[in-house]
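There are 2 protein chains.
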Amino acid sequence: MTDTTHAHRIDEPSALLRAAGLRVTAPRVAVLAALREHRHADADTLIATTRARLGSVSTQAVYDVLKALVDAGLVRRIEPAGSPARYEPHTHDNHHHLVCRTCGRIEDVDCAAGRRPCLDVVDDFGFTIDEAEVVYWGQCPDCA
Amino acid sequence: MTDTTHAHRIDEPSALLRAAGLRVTAPRVAVLAALREHRHADADTLIATTRARLGSVSTQAVYDVLKALVDAGLVRRIEPAGSPARYEPHTHDNHHHLVCRTCGRIEDVDCAAGRRPCLDVVDDFGFTIDEAEVVYWGQCPDCA
DNA sequence: ACCTAGAATGGATTCATTCCATAAAACACT
DNA sequence: AGTGTTTTATGGAATGAATCCATTCTAGGT
Ligand SMILES: [Mn+2]
Ligand SMILES: [Mn+2]
Ligand SMILES: [Zn+2]
Ligand SMILES: [Zn+2]
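Printed below as a string of structure tokens:
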């Protein structure tokens with residue numbers, strides 16, 4: 004049995020925050036924890052979860068935290084059409100998403116073409132492309 | 004010189020509407036015309052253009068028209084993250100989009116992998132996938 | 001323990017879009 | 001052409017998600 008009470012695990016919310024040069028605050032730690040519990044959660048879910056954990060947090064605080072985390076590269080924000088923004092811990096693996104048109108369920112999909120795929124297109128209009136984002140639309144088994 | 008005054012060209016707005024089983028109304032014809040003038044226009048642009056052409060239309064009318072056209076398959080609606088919805092005549096060619104992170108400029112990109120690409124993923128979680136939507140993010144030459 | 005830049009609060013505000021009840025117009029049928 | 005039924009347009013209010021702002025609070029450096 005390993006004692007982790009006083010451990011400073013690099014993947015702990017507070018360590019992540021410090022490593023990113025962000026101040027460690029209760030809302031930030033709680034939001035990071037909430038993000039682990041709920042895959043691809045929207046702000047509402049994160050607000051509710053954070054509030055449950057802390058007793059109270061302002062809605063604005065959670066939005067601010069999310070913005071700080073996204074800006075710091077700790078969190079990825081995705082905005083599937085027709086849905087409020089979703090958030091997930093940033094894994095930097097450039098994975099894609101499978102979205103159910105009916106219930107909005109979202110699943111991760113590994114990038115078939117390698118790490119950062121499809122970055123070259125036939126005619127790029129002179130654009131400097133840095134990311135190819137793929138959304139697979141369909142029906143999940145429950146909705147089919 | 005070809006006289007087209009009394010022609011019933013299949014690609015004329017009114018013909019398109021009738022073919023789709025939709026009533027031909029001034030706002031619908033005007034919105035279809037506006038869609039030809041502005042690639043990937045948002046609702047605001049279409050409202051302004053339609054209003055200029057007709058003298059006046061309600062905002063709601065344009066939204067209703069757009070919904071009817073999208074439902075009928077005549078128009079495609081895309082929702083790039085961070086931008087209001089954009090609309091384009093539906094070409095059914097499953098092309099993708101290049102989006103400038105700075106100015107929001109959008110360009111069409113042919114699908115490199117064929118008509119309906121990437122529809123197979125490693126693990127599809129039992130989903131029935133009907134579309135793979137790709138957004139290439141980057142900077143346009145003007146913004147770079 | 002103290003200071004100060006940065007973060008949280010509560011409240012108002014924006015933006016894109018949708019909802020609703022009423023008035024107007026399109027098309028089918030005399 | 002006139003009538004009737006259904007669909008569409010109008011004006012105005014309402015919504016959901018997110019942002020702005022002024023004030024109060026707090027984390028972390030000295
Ligand atoms: Mn994901
Ligand atoms: Mn396009
Ligand atoms: Zn589903
Ligand atoms: Zn640009």
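From first to last, the protein sequence lines stand for chains A and B.
So this note's numbering is basically just the index in the first sequence, starting at one, shifted up by 3.
So this note's numbering is basically just the index in the second sequence, starting at one, shifted up by 3.
Heads up, the beta-carbon is just placed ideally off N, CA and C, and yes, glycines get one too.
List the endpoints of the continuous beta strand (DSSP E) containing Glu40/B.
-> It is not in any beta strand (DSSP E) - Glu40/B instead sits in the alpha helix (DSSP H) that spans 29-40.
Which chain B residues sit within Cβ distance under 7 Å of Asp47/A?
-> Near Asp47/A there are no residues of chain B at all, since even the closest Cβ is about 18 Å away, more than 7 Å.
If you check the beta carbons only, do Arg79/B and His43/B fall under 7 Å apart?
-> no
Return yes when the C-beta of Asp127/A is under 6 Å from any heavy atom of ligand 3, and no when it is not.
-> no
Chain-ordered chain A contacts of Val73/B [CB-CB under 7 Å] | Within 7 Å Cβ-Cβ: nothing; Val73/B doesn't reach chain A, min ~12 Å.
Is the stretch 102-114 of chain B touching the stretch 132-140 of chain B in the sense that three or more CB pairs, one from each, lie closer than 8 Å?
-> yes
Cross-chain neighbours of Pro92/B in chain A, by beta carbon under 9 Å | Here the premise fails: no neighbours, minimum Cβ distance about 18 Å.
Buried or exposed for Glu91/B, please, with buried defined as at least 16 other CB atoms from any protein chain shown within 10 angstroms of its CB.
-> buried
Burial state of Arg12/A, where buried means 16 or more other Cβ atoms lie within 10 Å | exposed
Could you please tell me which residues of the stretch 130-144 of chain A, in chain order, have their CB closer than 8 Å to any CB of chain B?
-> Phe130, Thr131, Ile132, Asp133, Glu134, Ala135, Glu136, Val137, Val138, Tyr139, Trp140, Gly141, Gln142, Cys143, Pro144
Report all residues from its chain with a CB closer than 7 Å to the CB of Leu19/A; omit the five preceding and five following residues, and keep chain order.
-> Leu35, Leu77
Please report the residue range of the beta strand (DSSP E) in which Leu101/A lies.
-> 99-103
Anyone know if the C-beta pair for Val73/B and Pro30/B falls short of 7 Å?
-> no
Closer than 6 Å: residues whose CB approaches a heavy atom of ligand 1 | His43/A, Glu91/A, His98/A, His100/A, Asp111/A
Length of the line joining the Cα atoms of Gly24/B and Val32/B | 14 Å
To the nearest angstrom, report how far apart Leu38/A and Thr62/A are at their CA atoms.
-> 16 Å
Within 6 Å: the Cβ of Arg108/B and any heavy atom of ligand 4?
-> yes
Flag Ala147/B as yes if its beta-carbon sits less than 7 Å from any beta-carbon of chain A, otherwise no.
-> yes
Say whether chain B places a C-beta atom closer than 7 Å to the C-beta of Arg118/A.
-> With a pLDDT of only 49 at Arg118/A, under the threshold of 50, the placement of this residue in the model should not be trusted; the figure read from the coordinates follows. By this cut-off, Arg118/A is not an interface position.
Step through the CB atoms of chain B and report whether any lies within less than 7 Å of the CB of Leu101/A.
-> yes
Are the CB atoms of Leu69/A and Phe130/B nearer to each other than 7 Å?
-> no
So which residues of chain B does Ala84/A contact, with C-beta pairs closer than 7 Å?
-> Glu82
Any non-hydrogen atom of ligand 4 within 6 Å of Asp145/B CB | yes
Is any heavy atom in ligand 3 found nearer than 6 Å to the beta carbon of Cys103/B?
-> no
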